[in-house]
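To start, the structure itself, in structure tokens.
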Amino acid sequence: MELNDGNLQTLTEYLQKTLIPDPAVRRPAEKFLESVEGNQNYPILLLTVLEKSQDEVIRVCAAVTFKNYIKRNWRIVEDEPNKISDPDRTAIKANIVNLMLTSPEQIQKQLSDAISIIGREDFPQKWPDLLTEMVTRFQSGDFHIINGVLRTAHSLFKRYRHEFKSNELWSEIKLVLDTFAQPLTELFKATIDLCQTHATDVNALKVLFSSLTLISKLFYSLNFQDLPEFFEDNMETWMTNFHNLLTLDNKLLQTDDEEEAGLLELLKSQICDNAALYAQKYDEEFQPYLPRFVTAIWNLLVTTGQEVKYDLLVSNAIQFLASVCERPHYKHLFEDQNVLTSICEKVIVPNMEFRSADEEAFEDNAEEYIIRDLEGSDIDTRRRAACDLVRGLCKFFEGPVTGIFSGYVNSMLTEYAKNPGVNWKHKDAAIYLVTSLASKAQTQKHGITQANELVNLCEFFVNHILVDLKSPNVNEFPVLKADAIKYVMTFRSQLPKEQLLEAVPLLVAHLQTESIVQHTYAAHSLERIFTMRGANNATLITPAEMAPFTEQLLNNLFKALAIPGSSENEYIMKAIMRSFSLLQDAIVPYIPTLIGQLTHKLLLVSKNPSKPHFNHYLFESLCLSIRITCKANRDTVGSFEEALFPVFTEILQNDVQEFVPYVFQVMSLLLEIHTSSIPSSYMALFPHLLQPALWERTGNIPPLVRLLQAYLEKGATTIASTAADKIPGLLGVFQKLIASKANDHQGFYLLNSIVEQMPPDSITQYRKQIFILLFQRLQSSKTTKFVKSFLVFINLYCVKYGAIALQEIFDGIQPKMFGMVVEKCPQSANPRECRKSLFLFFRTPLLQALIGLFELPEDDSIPDDEHFIDIEDTPGYQTAFSQLAFAGKKEHDPIGDAVNNPKILLAQSLHKLSTACPGRVPSMLSTSLPAEALQFLHGYLQAAAVQLV
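In this note's numbering, each residue carries its 1-based index in the sequence shown increased by 302.
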């Protein structure tokens, strides 16, 4: 694509169309942009539109499109073509920083993200001048530019907070500190001075406080891995100023908005985070500053209001106290009973109260409420912080804290009992307080695994939780009902089975409640209970125990999906999946009705997939329906195909990328169930599965390979007789896969099925070329994974066609090649594959390797320099392959029952060989095999009851 006005105009028009809601206009425009993005100059054209367009909306659209293009294509993946040309890469890096710094803030943020993506790959080795170019802009004095630099640096360095330690990471951080730490500190001091100079100018203060917040975030990232020497030397500067900012109260920066945090709150929140980091990780160095921070943050907590805008600040401030009270160094600060009482009274209890803002979120924004309350999202809440503080205090002061809170709990429950309709929030706080107090250790899988022995959980369940669950009006006091359900879910591992069995039908009834939070919690609680294990590793709740509630459970779960706001509720769909899995054969009578509802739901969500977890559990539920029903009666597979294929056809025709890999997995499951020849409906699809475009998407490869394996298993003869012209296409897929380090094992899966299943005559003409391709890859790019897969393949080939055929094809490529390969046969193949390793050709080195394979431990080591590509880490990773657990494929053994014991087979084969050549085998073995190998071999011969002659 040339850089001319015509192309700029065309690009602008297509960008405009991508903003139109109508899919008939939008999708073709998106497809066009996708089709041209591989052309040289495409990113430069985007940046030109972004810079020169007069339409602000188009500029922002170009910025977002450019960022997503960089995200998909910047990383150079081994074995795959470079998606951005080198001249374009050079031009982007030469211009993007300046363009970002001179753009409006909305565009600046997008380009800043793009720089951080590029920096992740290229900085520092391929982009050494990035930091220098950014740091020099600190001298500009223009805080629009300075904030652009700070924002970009933040997006570049924040990964240091979660990266694993490595020499490469240390080297990069050292380079960053050497270049950036001093200018950042100078900028920090200068900005604070400017705040004093412009103390009465609200507009200037807003810009300066934005800078200070970004500087504080950078401080956190640069100090996270370890305490840098520079920051240790300059701790006085940073901590003194942080403390001053923490105690600052500028009326001009206070906002009237009760929801949105202001600049002052955001800055103080980050400073609390920074102080907590130092208190946790660098307590010795931070000790001189700690008392003043504890005092400042305590004052902050007791003077800050209950408004939502202070939530982040309060939760971070409480988290600071929680991190301090857990450290043995600071235990003395909290030993006084009056201090503990004061913390409980003034910090913990007020921040556990259910506020009107929480009630509003519960009713009107259920999804966000659930994410915060149930999933423990990144959005820190006051309640969670207060709960963490309770746990922290209980580490050293469990008895006194439990005593103090017991009084509060009893007082709250008494107030509730006086007038439940008015005082229900008192009981809500009491339940939360008990939960906080009792929870010592928790996992996602088991809930609370270790509880405070001073809290009687079962008694509280019977006296205060069960009464809410048994209430005949399930829609009354929805918050308390949700609390009760959550209590069961949280303490499921602590409550006896009898109490859980009593709760199950009550939870089933709560699936019908109007409140989204309430029925979501009920579904999630049931799903978690159904995964609990009892005796003999079986499920704690058995299908027989669920029999009285099975019909109501299934009805209520599917009815819950019809409640407004829960049509794509992932918790409900996961509960459906888990119920199917638990109940097994008990669901068969209901499947004709349920499969129709699941298929209808699939058709609806395929129009616009937006909930990945919901979609995944939906497909899992379909797989379970198929497996359970067809296990009882294989002939029912046809009725599933009749129900599902129209929807699958629509998904494939519309290329719904998120669903295509799932469709292939379900089709594989259906095809594998067939006992007779391959149906014509599948054969009609077969040519389309070989289209190169399908194989370009990483997420399609595993399910497509499995589907082709199913085709070969069920219809190899049909393919050979009616679709022989497609065999080159099938081998073309193998050739593409084998060339990639990421996917070569998938290529071998396909090749093994071709060799095992296809009639020998149908692939005779291709065999030599297959081996040539394998040897070329072995020579150019050998990896442990490839060698292991290659060994399995040649052994399978030997079993299928015989040792002589294998030797002939090797030596046909190059004289005496077979002997060379045998000499190099490694001992690192998987022992599970040893049944396939037959005695190919009598050579003592091979025999020694084979004995080593039987007796030596498996070599799982991977060479240090070997690079296996992890798809999830690539910028292009979007809707990659998600394995359906309930579409699982049984492991296939091509040898079957033919070889029960490979050691016995080896002994019998040697006996047979020695009978044909009397006297030669024993003498060769005694002179060539090491004594230890001989000893093992004698053991095999004795076990097989044969001897060498």
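All C-beta atoms, glycine included, are put in the ideal place defined by N, C-alpha and C.
From a predicted model like this one, the values you see are computed outputs, not experimental measurements.
So, at 7 Å on beta carbons, what are the nonlocal neighbours of leucine 310 in its own chain, with the 5 sequence-adjacent residues on each side left out? Your numbering for residue 310 matches position 8 in the sequence shown. Excluding positions up to five away in sequence, the list reads Leu347, Thr350 and Val351.
Exercise. Helix, strand or coil: how does DSSP classify threonine 841 here?
Worked result: To locate residue 841, count along the sequence shown from 1; it is residue 539. Residue state for threonine 841 is assigned as strand, using DSSP reduced to three classes.
Worksheet entry | Cβ pair alanine 1253, methionine 714 closer than 7 Å | No answer is possible for residue 1253: the residues shown for the chain start at 303 and end at 1251.
query: Mind checking glutamate 829: buried by the 16 CB within 10 Å criterion, or exposed?
result: Translated into the one-based positions of the sequence shown, residue 829 becomes position 527. Sixteen is the threshold: when 16 or more other Cβ atoms of the shown chains lie within 10 Å of the Cβ of glutamate 829, as they do, the residue is buried.
- Just the C-alpha distance for phenylalanine 860 and phenylalanine 664, rounded to the nearest angstrom, thanks. Stepping through the sequence shown from its first residue, residue 860 is reached at position 558. Stepping through the sequence shown from its first residue, residue 664 is reached at position 362. Taking the straight line from one Cα to the other gives about 22 Å.
Exercise for the section: Please go through the same chain and pick out, in chain order, the residues whose beta-carbon is closer than 8 Å to the beta-carbon of serine 1055, but skip the five residues on each side of it. Expected result: Residue 1055 sits at position 753 when you count from the first residue of the sequence shown. These residues qualify, in order along the chain: Leu1010, Gln1011, Leu1014 and Glu1015.
What residues match up with arginine 835 in a beta bridge as DSSP calls it?
-> Along the sequence shown, read from residue 1 onward, the residue named residue 835 stands at position 533. Per DSSP, Thr841.
In angstroms, rounded to a whole number, what distance separates the CA positions of leucine 954 and glutamine 318? The residue given as residue 954 occupies position 652 in the sequence shown. The residue given as residue 318 occupies position 16 in the sequence shown. A straight-line Cα-Cα distance of about 27 Å links leucine 954 and glutamine 318.
*What separation, rounded to the nearest whole angstrom, lies between the Cα atoms of phenylalanine 521 and arginine 422?*
Residue 521 sits at position 219 when you count from the first residue of the sequence shown. Residue 422 sits at position 120 when you count from the first residue of the sequence shown. Distance from the CA atom of phenylalanine 521 to the CA atom of arginine 422, rounded to whole angstroms, is 19 Å.
Fill in: Under 7 Å between C-beta atoms of phenylalanine 466 and valine 509
Counting from 1 along the sequence shown, the entry for residue 466 is found at position 164. Counting from 1 along the sequence shown, the entry for residue 509 is found at position 207. No, the pair does not count as a contact, with Cβ atoms beyond the cut-off.
Judging by CA-CA distance, which residue of Thr367, Arg391, Leu802 and Pro330 is the nearest neighbour of asparagine 343?
Start at 1 with the first residue of the sequence shown, and residue 343 comes out as number 41. With distances taken between Cα atoms, asparagine 343 lies closest to Arg391.
| message | Using a Cβ distance threshold of 8 Å, determine whether the region 668-679 contacts the region 628-636, with at least three qualifying pairs required. | response | Look at the beta carbons and you see the region 668-679 not touching the region 628-636: under three pairs across the two are nearer than 8 Å.
Within 10 angstroms of its Cβ, does lysine 1214 collect 16 or more other Cβ (buried), or is it exposed?
Counting from one through the sequence shown, the residue named residue 1214 turns up at place 912. Under a 10 Å Cβ-count criterion, lysine 1214 is classified as exposed, with fewer than 16 other Cβ atoms of the shown protein chains found around its own Cβ.
Q) Can you give the beta carbon distance from aspartate 381 to alanine 1044, rounded, assuming they're within the 8 Å contact cut? A) On the sequence shown, position 79 is the one that residue 381 refers to. On the sequence shown, position 742 is the one that residue 1044 refers to. Going by Cβ atoms, the distance from aspartate 381 to alanine 1044 rounds to 7 Å, so yes, they are a contact pair.
Check: Within this structure, are the beta carbons of threonine 275 and asparagine 543 separated by less than 7 Å?
Finding: Absent from the model: residue 275. The displayed extent of the chain is 303 to 1251, so no value can be given.
Query - tryptophan 600: first and last residue of the uninterrupted alpha helix (DSSP H) it sits in - result: Here residue 600 is taken as the residue at index 298 of the sequence shown, counted from 1. Annotation: the continuous alpha helix (DSSP H) that includes tryptophan 600 extends over 592-605.
Task: Under the three-state DSSP convention, the category asparagine 1266 falls into - done: Residue 1266 cannot be examined here, being either before or after the span of the chain that is shown, 303 to 1251.
Just reading off the alpha helix (DSSP H) that phenylalanine 445 is part of, what are its end residues?
-> Stepping through the sequence shown from its first residue, residue 445 is reached at position 143. Annotation for phenylalanine 445: the continuous alpha helix (DSSP H) segment containing it runs 445-459.
Could you please give the first and the last residue of the uninterrupted alpha helix (DSSP H) stretch that includes valine 634?
The residue given as residue 634 occupies position 332 in the sequence shown. The sequence given here has histidine at residue 634, not valine. Run containing histidine 634: none; DSSP gives neither H nor E here.
**Asked** How should aspartate 770 be labelled, buried or exposed, when 16 other C-beta atoms within 10 angstroms of its C-beta is the threshold for buried?
**Response** The count along the sequence shown starts at 1 and reaches residue 770 at position 468. Counting Cβ neighbours within 10 Å, aspartate 770 comes out buried, since at least 16 surround it.
Report task. For glutamine 1237, name the three-state secondary structure that DSSP assigns. Result -> Here residue 1237 corresponds to residue number 935 of the sequence shown, with the count starting at 1. Helix, per DSSP.
- the region 615-631 in contact with the region 575-591 per 3-pair CB rule at 8 Å: Segments in contact, yes.
Those runs of the alpha helix (DSSP H) which lie wholly inside the region 993-1060 and span at least 4 residues
When DSSP assignments are scanned along the region 993-1060, the uninterrupted stretches of alpha helix (DSSP H) that are 4 or more residues long and fall wholly within it turn out to be 994-998, 1003-1024, 1029-1040 and 1046-1059.
key: Close Cβ partners of glutamine 293 (< 7 Å) along its chain, the five nearest in sequence each way excluded   = Since the first and last residues shown for the chain are 303 and 1251, residue 293 lies out of range.
Threonine 454 versus isoleucine 517: straight-line alpha-carbon distance, rounded
The count along the sequence shown starts at 1 and reaches residue 454 at position 152. The count along the sequence shown starts at 1 and reaches residue 517 at position 215. Cα-Cα distance, rounded: 11 Å.
message: Using the Cβ count rule (16 or more neighbours within 10 Å means buried), how would you classify proline 785?
response: If you number the sequence shown from 1, residue 785 lands on position 483. With the sequence shown as reference, residue 785 is identified as aspartate, and proline is not the correct amino acid for it. Aspartate 785 comes out buried.
What number of angstroms, rounded off, separates the C-alpha of serine 644 from the C-alpha of alanine 1187? On the sequence shown, residue 644 is found 342 positions in, with the first residue counted as 1. On the sequence shown, residue 1187 is found 885 positions in, with the first residue counted as 1. Answer to the nearest angstrom: the Cα atoms are 51 Å apart.
Measuring straight from C-alpha to C-alpha, what distance separates proline 593 and threonine 539? Indexing the sequence shown from 1 puts residue 593 at position 291. Indexing the sequence shown from 1 puts residue 539 at position 237. Using only the alpha carbons, I get a separation of about 17 Å.
Q.
DSSP three-state label for valine 1251, please.
A. Reading the sequence shown from its first residue, position 949 is the one you call residue 1251. Three-state result, valine 1251: coil.
Member of Val962, Leu972, Val968 and Gln1116 whose CA lies at the smallest distance from the CA of glycine 1001: Taking the first residue of the sequence shown as position 1, residue 1001 is located at position 699. Looking at the Cα atoms, Val962 is the closest of the given residues.
| task | Below 8 Å on the Cβ atoms is my guess for proline 345 versus tyrosine 371; work out the distance and round it to an integer in Å. | result | Locating residue 345 in the sequence shown gives position 43, where the first residue counts as 1. Locating residue 371 in the sequence shown gives position 69, where the first residue counts as 1. About 6 Å separates the Cβ atoms of proline 345 and tyrosine 371, confirming a contact at the 8 Å cut-off.
**Q.** Alpha-carbon spacing of glutamate 586 relative to threonine 493, whole angstroms
**A.** On the sequence shown, residue 586 is found 284 positions in, with the first residue counted as 1. On the sequence shown, residue 493 is found 191 positions in, with the first residue counted as 1. Taking the straight line from one Cα to the other gives about 29 Å.
Within 10 angstroms of the Cβ of histidine 812, are there 16 or more other Cβ atoms? Answer buried if so, exposed if not.
For the purposes of this step, residue 812 is taken as the residue at position 510 of the sequence shown. It is buried - the Cβ of histidine 812 has at least 16 other Cβ atoms within 10 Å.
Take the Cβ of threonine 1066 as the centre, count every other Cβ of all protein chains shown within 10 Å, and call the residue buried at 16 or more, exposed below. Translated into positions along the sequence shown, residue 1066 becomes position 764. Burial call: exposed.
Item to complete: Go through its chain and collect everything with a Cβ distance to glutamate 470's Cβ below 6 Å, but skip five positions before and after it.
Response: Counting from one through the sequence shown, the residue named residue 470 turns up at place 168. Same-chain partners within the cutoff: there are none.
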